[in-house]
Structure formats: C-alpha cells, structure tokens
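*Asks:* According to the numbering used here, the residues represented by the sequence shown are 231 to 428, in order.
From the three backbone atoms N, C-alpha and C, an ideal C-beta is built for every residue, glycine too.
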Amino acid sequence: MRKIGVLALQGDFREHIFMLRQSGAEALPIRWPEQLQGLDGLIIPGGESTTISKLMTEYKFGEEIQKLAAEGLPLFGTCAGMILLAKRVIGLDTQFLAVMDIEVRRNAFGRQVDSFETELLIPVLGQNPFPAVFIRAPWIERAGDGVQSIAQLQDGTAVAARGENILVSAFHPELTEDTRLHEYFLNIVEARCKSKEG
Ligand code: GLN
C-alpha cells in the first residue's frame with residue numbers, strides 16, 4: 231500500500247484521509263515536518279490558505295515541502311491547497327510554497343457565486359461528469375509550460391491542472407463520494423514509486 235500524508239494543520243484533512251482509505255491507500259495526518267519522511271505522496275487540503283500558511287511557517291513545514299517537491303514527491307492541492315502550491319497568487323504579494331507554475335486568483339468567483347456545485351467534465355477521469363463542489367474557490371488564470379489544464383468550466387475557466395507529479399483542483403473532491411480524482415492522484419504516486427524502484 232502506498233503511504234500518503236495529508237497536511238493536518240487546518241481545513242478538511244479528515245475528508246481527504248477518508249477518501250484515500252476508500253481508494254486503497256494508507257493515509258495519515260501530518261502534524262509535524264518530521265512526519266513527511268517516507269511518504270509516497272502528500273495532499274494539501276482546502277481550508278483557509280492564509281491560516282494554513284501561518285501554521286506552516288510556525289511549524290517550519292515550508293522548506294521541507296519545497297525540498298520534497300523538488301525531488302519529485304507527488305503533491306495534490308485542493309482549493310486553499312492549490313493556492314498554497316501556486317507560484318503566483320494574484321492580488322497577494324505573498325508567495326506560499328510556490329512549487330507549481332500556475333497563477334491563481336483567490337476567491338475568484340466573487341460573492342454571489344461564492345459557493346456552488348456543478349457537474350464537471352474531466353476527460354482524464356472518463357465520460358461521467360464529476361460533482362465539483364466550489365467553496366470560495368480560486369481559479370487558474372495561467373498555467374506555465376509543463377502544466378496541463380485537465381478541467382474547465384463552460385466558459386473556459388481552468389479549475390484543475392496537473393504537472394508531472396503535481397495535481398491541483400479549485401474544487402473539493404474530498405467533499406463528495408466520487409473517489410476518481412483521488413485515484414488519479416494515486417496513479418501518479420504509483421508511477422513515481424515504480425520509476426524510483428526501477
Ligand atoms: N478562499 C479560501 C482561501 O483563500 C479557500 C477556500 C477553500 O479552501 N474552500 O484560502
């Protein structure tokens with residue numbers, strides 16, 4: 231079984247742990263940087279990006295996660311997690327982990343459609359639409375070379391993307407019963423483990 235950590239400082243890490251276990255992985259909450267060692271993948275959950283970021287600084291997670299990302303550890307960020315992984319957050323001077331070449335807009339949907347659910351077509355997951363839950367969500371304004379948008383809203387707005395070993399979604403797959411995006415992440419993890427094992 232592959233071992234996936236879920237950053238458990240704030241936000242909906244319990245739901246991710248549940249989804250990972252449903253998908254056949256070992257999942258554990260990560261509360262200290264030392265626990266990052268020996269993981270096959272790491273999820274950064276939704277929540278409040280500024281709060282998670284403050285706690286990450288306080289507990290000294292930043293450099294360690296950046297180092298692991300540079301080594302190719304598969305990462306999956308949802309909503310606030312996507313904001314924390316992005317190289318640039320529009321409207322904020324702060325950069326957080328800055329390990330994925332995307333530019334995101336925080337709270338992009340504005341007040342009226344603050345939160346909504348929509349059936350989203352994600353071709354890499356097959357033909358059945360995915361129940362995508364957006365809660366004060368960001369969107370992706372620009373994706374760099376090597377990053378591919380894997381889901382767009384009807385108006386073309388990119389809301390999920392992947393780089394080689396990194397996956398992000400503006401919505402919350404962990405708040406649904408659909409495990410396909412978690413399974414997709416586990417495939418990235420599996421491929422990376424296999425290539426490491428030679
Ligand atoms: N709006 C939140 C932020 O900026 C993200 C919301 C979420 O993760 N549901 O961090």
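Would you say residue 279 touches the ligand GLN, meaning its beta carbon is less than 7 Å from a heavy atom?
*Replies:* Residue 279 Cβ: within cutoff of the ligand GLN.
*Asks:* Are the CB atoms of residue 306 and residue 397 within a distance shorter than 8 Å?
*Replies:* Yes, the Cβ-Cβ distance between residue 397 and residue 306 is below 8 Å.
*Asks:* Within the same chain, show all residues whose beta-carbon is closer than 7 Å to that of residue 433, passing over the 5 residues directly before and after it, in chain order.
*Replies:* Limits of the chain in this structure are 231 at one end and 428 at the other, which puts residue 433 out of reach.
*Asks:* Using CA atoms only, rank isn't needed, just tell me which of 295, 339, 292, 308 is closest to residue 412.
*Replies:* Comparing Cα positions, the closest option is 308.
*Asks:* Quick check on the DSSP output: the beta strand (DSSP E) that includes residue 349 runs from which residue to which?
*Replies:* Per DSSP, residue 349 belongs to the beta strand (DSSP E) from 345 to 350.
*Asks:* Indicate, with yes or no, if the ligand GLN has a heavy atom lying under 7 Å from the CB of residue 367.
*Replies:* The answer is yes for residue 367.
*Asks:* What residue from 386, 310, 391 has the CA that sits closest to residue 286's CA?
*Replies:* Looking at the Cα atoms, 310 is the closest of the given residues.
*Asks:* Does DSSP put residue 256 in a helix, in a strand, or in coil?
*Replies:* DSSP places residue 256 in strand when its eight states are reduced to three.
*Asks:* Please determine whether the Cβ atom of residue 423 lies at a distance below 7 Å from any heavy atom of the ligand GLN.
*Replies:* No.
*Asks:* Tell me whether the beta-carbon of residue 268 lies closer than 8 Å to the beta-carbon of residue 332.
*Replies:* It is not a contact, given that the beta carbons lie outside the stated cut-off.
*Asks:* Quick one, which of 240, 387, 278, 329 has its alpha-carbon nearest residue 262's?
*Replies:* Among 240, 387, 278, 329, the Cα nearest to that of residue 262 is on 240.
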